[in-house]
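A short worksheet on the structure shown next.
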Amino acid sequence: MLEILQENPSLKPYLDEAVQKGFRQGINLVLKETPLDLHDLPSVCPYAIAQILDLQFPFH
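Per my numbering, residue 12 is the first one in the sequence shown, and the count goes up by one each step.
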């Protein structure tokens with residue numbers, strides 16, 4: 012992903028939209044695949060784009 016952004020800096024403005032879309036898709040998958048309810052999950056992605064792109068970031 013970082014390499015793609017370095018080669019195509021014009022894509023940077025679309026990152027936030029892509030992260031939010033992916034997050035919503037992930038929430039929908041969690042709701043289908045687990046017994047969790049929507050109120051059990053965060054309403055927005057809890058990670059900043061810099062954290063998502065940081066290969067050393069300790070996701071939990």
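The beta carbon of each residue, even a glycine, is placed where N, CA and C say it ideally should be.
Collapsed DSSP secondary structure at residue i in the structure displayed
| i | result |
| --- | --- |
| N19 | coil |
| V49 | Before going on, a small fix: residue 49 reads as Leu here, not Val. Helix, per DSSP. |
| L66 | coil |
Opening and closing residue of the alpha helix (DSSP H) in which residue i lies
| i | result |
| --- | --- |
| A59 | Element bounds for A59: n/a, residue is neither H nor E. |
| Q36 | 26 to 44 |
Close-in-space but distant-in-sequence residues of the same chain around residue i (CB under 8 Å, 5 per side omitted)
| i | result |
| --- | --- |
| V41 | L47, L52 |
| V55 | Q31, F34 |
Contact set for residue i: own chain, Cβ-Cβ below 6 Å, skip 5 residues either direction
| i | result |
| --- | --- |
| F68 | Q62 |
Residues near residue i in its chain [Cβ-Cβ closer than 7 Å; skip 5 each side]
| i | result |
| --- | --- |
| L26 | I60 |
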